[in-house]
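Student:
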Amino acid sequence: MKEKIISLFKRMEPDKEKSPLLHTAYDAFFTFAFTPNTVTKDGVHIRDGMDLKRTMVIVVIAMQLCYLWGTLNIGHQHFAALGLYQNLILEGFHLKLFYGLVQLLPIWIVAHVVGLGVEFYFAARKKHAVEEGFLVTGALIPLIMPPDVPLWILAFSIVFAVIIGKEAFGGTGMNVVNIALLARVFVFFAYPATISGDEVWVAGLTKAGPGGMADYGWIHLQVLNPIFESFGWDTFSQGAAVIDGYSGATPMALAAKGGWAAVMEHYTPGQMFWGLIPGSIGETSKPFIIIGALMLIGTGIASWRIMVSMCLGMVFMALIFNMWGYNAYMEIPWYYHFSMGSFLFAMAFMATDPVTAASTNRGKWIYGFLIGVIGLIVRVMNPAYPEGWMLAILLLNVFAPLIDHFVLQSNINKRMKHVQ
Amino acid sequence: MESRIAEAPTAVSPEGEQVIVKLRRGFDVHLHGEAPKKVHSEVSVNRFALQAPNYLGLAPMPKLMVEVGQHVLAGEALFFDKNRPDVLFVAPVSGELIAINRGERRAIQELVILADKTIQYRTYDKIPSLDSSREELFAFLKESGAWPLFRQRPYNLLADPDVVPRDIFISTFDTAPLAPDLNLVVSGREAAFQKGLDVLSKLTTGKVYLGLDARGTAVSSAFSQARGVQKVGFKGKHPAGNVGVQIHHIRPIRPKEKVWTLGVQEVITLGSLFLEGKYDATRIVALTGSALATPAYVRTHAGANLGELLKNQGVAENSRIISGDVLSGKNKTTEQFLNVYDDQVSVIPEGNDYEMFGWLAPMSARPSTSRTFFSGIFPFGWIYNATTNTRGEKRAFVVTGQYEEVLPMDIFPQHLLKAIITNDIEKIEGLGIHEVVEEDLALCEFACTSKQPLQKILREGIDMMIKEGL
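Protein sequences appear in the order of chains A and B. Following numbering that gives the first Met the number 0, the numbering of the first sequence begins with 0 at its first residue and continues without gaps. Following numbering that gives the first Met the number 0, the numbering of the second sequence begins with 0 at its first residue and continues without gaps.
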């Protein structure tokens, strides 16, 4: 049976010389379906069952709960603005789910088609197999974008990040900065209106404030509504008004204006912890991020050292701010910084990228700690950037080789001091 | 008794007190095909070979001292190295020299001897007593053919006769997959072992160190009661039994220092030369691996033909024969011979087969250091049937910190290898290339997610260092 399937596939194999791009694509899918029959040559005769595909797919699996919550929360935030189904996430489940899917799926598809397209093209040019790095990048990018991000901007940012950030440096394993964050920082600086301010975190409104209305597309009105009607369920209602007193501001924006008191006017600590707040798609649900992080730590895929030291760095800086107390933002208790914004998501999935993080164990402690410290400084002290982790991680990505250099140098010095 | 968690080098305590070094890092690869602990002496191997490439650091063309068809005695010189003409390489058994096999550029690979039924040994005019001067002992060892028993670190080269070693290290246990039990190997030959240690202690200005198994299993009195040596216990997973790891924790090799290492059976050969006056290259070899119907220990001689050695063991079809263990051994055919420093043959199935979604949902248990497999999450006494499949394709270095988890040494393997790839000599030296040889990084290569050829890269680095004269 297996032999037949394999010989069928083998007959379809395109010629490597005549059509390298097709062959690269074929090879990527074939090795996805079948582990190759290659055997060891020199060196070890047996190999660990672990490979890069498996490593990457574990990270993707660890993000799946964030995807699930992100999908529902896109819908939840949308309806909360309209004053509908705002008590529980499961109220109006079908509407929230499908609303979220209609927003999220195009983002996911564009991220993968564009990113993998670039990846396949370069793999074919360089005549080597497609490396699996983009599996994780492609899964991360939708989670760190606002739900309403225009798809052309998304596509543009991914092309920029993959070509300039990765392929220019030699492909997977060679990049200096985190590709997913590079895509986001590209949007952030090139198209700031699409990724900052109070308007962008809730999808499908003409204006995220009083006077705004729900704005649906043909897929909601023409496809989904008739289906829901046939079951006798609630439907999307075009033109529903945003409720009075609503603001699409994230806790970050509120805290920058008026500290913890301003945050509490709109959200409860419980809402912020469970993730019923506006924000980037994947960053809101803290329990699900924690589950993902524990999964990565448990399987040993991501470095617990970076996660722990990043927490320590953030808490350290938050306590300093608490003591300083110059403004209301600084006075926010250190433990609330965990549930505001994207700290946990950045800690679990962004800072731990092994290629761009420090590569020595001692270096990882320093790297994580500095991200925690610098990220919180940007968050609290810089009014122009509502959140600090993206910039802090990119900054430390650049400094990670320097940190490693000092760690290695101390090892070298220890050894060489015995030599005259 | 003192015990410490030691990732950094430790000093050795004063005389008398035995130190136990506990190593937290490492990984035991449990495989099917362990040999039952009983030595079979009746196996008959007719062909033995002296293999010049086994000795690292020889000039490319050794000078032959014999011709095909000539009868030689065990211990009689067959060739010498042109750079050091006084170091002789001798026959492991007596018999007729039937072939001289050459490789690329006519370099000598194997001198094949068809063994006599009963081995006749070469006799010596005078065996120096242990009170002789070091020069006298050195001269005898070189002339008698015992010199190639010593391997010199850094780099596992043939010992340099112009250098007196700082210390001599012997590991008395092997933690590699399916490795032979050296307690069994030494039994009955305790006196020769002790004599060998006595000789060694005359050859160094420093000490002779014995790495003992402190994992809790019974240790032969030949090791635990050895006299005139420093004993250091090691407790931990593989590679705790590697002499390189033990040196690192006892007294690390600094640049420009030279130490010697020997295997237990080499010590016995050395001891019997002084004790009985004959060059006895008897080796007890473990024939192991899941592709053998009946794994066993056999008594033979160094350089035995592998096909003859395995003829009663039932080698399965489509399997790989390895001289040594599955991590650092060498791929061989049945026409080839056991490498001179090896005391193990591993035979495992070839893995030249496709596996559907093997990377995602494997159909069989496989050894892994990662905790993403069922057997990794619940690591309770699993024994695996490993094949030679690469389990994935080669990729760039992505994952970090993985090698450090299985290497109980204060070394950064990934950075060392990257320095080798970029030819950064100063960094290669600083990061400690002189402290490791291939077998020490073999487990890192096994664990490598990116399937990089670490041992090959390391040897390239070592060759580069030798060329630079460092």
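Just so it is clear, CB atoms sit at the ideal spot from N, CA and C, and this is done for glycine as well. Remember, it's a predicted structure, so these values are computed and weren't measured experimentally.
Give the straight-line distance between the Cα atoms of D161(B) and L77(B), rounded to the nearest whole angstrom.
Tutor: Between D161(B) and L77(B), the C-alpha separation is close to 22 Å.
Student: In whole angstroms, what is the alpha-carbon distance linking V59(A) and Y66(A)?
Tutor: Between V59(A) and Y66(A), the C-alpha separation is close to 10 Å.
Student: Please name the residues in the stretch 30–53 of chain B whose beta-carbon is closer than 9 Å to at least one beta-carbon of chain A, in chain order.
Tutor: For the stretch 30–53 of chain B, which is checked against every Cβ of chain A, the residues closer than 9 Å are L30.
Student: Secondary structure at N388(B), three-state DSSP: helix, strand or coil?
Tutor: Correct three-state label for N388(B): strand.
Student: Using the three-state DSSP reduction, which class does G210(B) fall into: helix, strand or coil?
Tutor: Correct three-state label for G210(B): strand.
Student: Measure the C-alpha to C-alpha separation of G94(B) and A48(B) and round it to an integer number of angstroms.
Tutor: So the alpha carbons of these two residues sit roughly 11 Å apart.
Student: Closest to G407(A) by C-alpha separation, out of L406(B), Y402(B), Q401(B) and L415(B), would be which residue?
Tutor: According to the sequence shown, residue 407(A) is Leu rather than Gly. When only C-alpha atoms are compared, the closest one is L415(B).
Student: Which ranges would you report for the beta strand (DSSP E) in the stretch 153–202 of chain B if only whole runs of at least 3 residues count?
Tutor: List check, beta strand (DSSP E) in window: 167–170.
Student: Per the DSSP calculation, I321(B) is bridged to which residue(s)?
Tutor: DSSP output for I321(B) lists N330(B) and S345(B) as bridge partner(s).
Student: If you run the structure through DSSP and keep just helix, strand and coil, what is Q229(B)?
Tutor: Q229(B): strand per DSSP, three-state reduction.
Student: Using a Cβ-Cβ distance cut-off of 8 Å, determine whether I432(B) contacts chain A.
Tutor: Judged by the 8 Å Cβ criterion, I432(B) is not in contact with chain A.
Student: Would you call the stretch 255–270 of chain A in contact with the stretch 303–319 of chain A, where contact means no fewer than 3 C-beta pairs closer than 8 Å?
Tutor: Result no; under three Cβ-Cβ pairs closer than 8 Å.
Student: Could you name the residues of the stretch 443–455 of chain B whose beta carbon sits closer than 8 Å to any beta carbon of chain A, in the order they occur along the chain?
Tutor: Those residues of the stretch 443–455 of chain B that come within reach of chain A (Cβ to Cβ, closer than 8 Å) are E444, F445, A446, C447, T448, S449, K450, P452, L453, Q454 and K455.
Student: At 8 Å on the CB atoms, spell out the chain A contacts of H414(B), in chain order.
Tutor: Per Cβ cutoff of 8 Å: S358, T359, D403 and L407.
Student: Say whether chain A places a C-beta atom closer than 8 Å to the C-beta of D352(B).
Tutor: For D352(B), the answer is yes, since a Cβ of chain A falls inside 8 Å of its Cβ.
Student: Listing by chain order, which chain B residues have their CB less than 9 Å from the CB of I45(A)?
Tutor: Going along chain B in sequence order, the residues near I45(A) (Cβ under 9 Å) are V28, L30, P176, V325, L326, I347, G350, R365, P366, Y383, A385, T386, T387, N388, R390 and F445.
Student: Can you find at least 3 beta carbon pairs, one from the stretch 320–333 of chain A and one from the stretch 113–130 of chain A, that sit closer than 8 Å?
Tutor: Contact fails: fewer than three Cβ-Cβ distances are below 8 Å.
Student: Mind listing, in chain order, the continuous beta strand (DSSP E) runs of no fewer than 3 residues lying wholly within the stretch 151–235 of chain A?
Tutor: Whole beta strand (DSSP E) segments, 3+ residues: zero.
Student: Quick one: what does DSSP say N476(B) is sitting in, helix, strand or coil?
Tutor: With chain B represented from 0 up to 469, any question about residue 476(B) goes unanswered, as that position is not in the structure.
Student: Residues of chain A with CB closer than 7 Å to the CB of T204(B), please, in chain order.
Tutor: Within 7 Å Cβ-Cβ: nothing; T204(B) doesn't reach chain A, min ~17 Å.
Student: Against chain B, does K256(A) count as a neighbour if the rule is that its beta carbon must be under 8 Å from one of theirs?
Tutor: Chain B, which has no Cβ nearer than 8 Å to the Cβ of K256(A), makes this no.
Student: Just the C-alpha distance for E428(B) and L395(A), rounded to the nearest angstrom, thanks.
Tutor: Cα to Cα, the separation comes out at about 28 Å.
Student: Which residues share a DSSP beta bridge with M355(B)?
Tutor: M355(B) pairs with F33(A).
Student: Return the residue from the list I424(B), M355(B), T387(B) and W381(B) that minimises the CA-CA distance to F33(A).
Tutor: Ranking I424(B), M355(B), T387(B) and W381(B) by Cα distance to F33(A) puts M355(B) first.
Student: Tell me whether the beta-carbon of Y278(B) lies closer than 8 Å to the beta-carbon of S143(B).
Tutor: Yes, the pair counts as a contact, with Cβ atoms nearer than the cut-off.
Student: I'd like to know if T30(A) contacts chain B, where contact means its C-beta is closer than 8 Å to some C-beta of that chain.
Tutor: By this cut-off, T30(A) is an interface position.
Student: Using the beta-carbon count (16 or more within 10 Å), is N53(B) buried or exposed?
Tutor: Buried: at least 16 other Cβ atoms inside 10 Å.
Student: Find the residues of chain A that neighbour P361(B), judging by a C-beta separation of less than 7 Å, and give them in chain order.
Tutor: In chain order: G48.
Student: Scan the stretch 112–133 of chain A for residues whose Cβ lies nearer than 8 Å to a Cβ of chain B and list them as they occur along the chain.
Tutor: Cβ contacts with chain B: A128, E130, E131 and G132.
Student: Taking a contact to mean a Cβ-Cβ separation below 8 Å, would you say E131(A) touches M55(A) in this structure?
Tutor: Yes.
Student: Which residues, taken in chain order from the stretch 298–329 of chain B, show a beta carbon closer than 8 Å to some beta carbon of chain C?
Tutor: You won't find chain C in this structure, because its protein chains are A and B.
Student: Along chain A, which residues have their Cβ under 7 Å away from the Cβ of M463(B)?
Tutor: Going along chain A, no residue has its Cβ under 7 Å from M463(B), so there is no contact; the nearest lies around 17 Å.
Student: Quick check on W146(B) - is its C-beta less than 8 Å from some C-beta in chain A?
Tutor: So no, W146(B) is outside the interface.
Student: For N100(B), list the residues DSSP reports as bridge partners.
Tutor: DSSP, once it has assigned bridges, lists E109(B) as partnering N100(B).
Student: Look at the alpha carbon of L7(A) and the alpha carbon of D26(A), and state the distance between them as a whole number of angstroms.
Tutor: Between L7(A) and D26(A), the C-alpha separation is close to 14 Å.
Student: How is H39(B) classed by DSSP in three states: helix, strand or coil?
Tutor: Correct three-state label for H39(B): strand.
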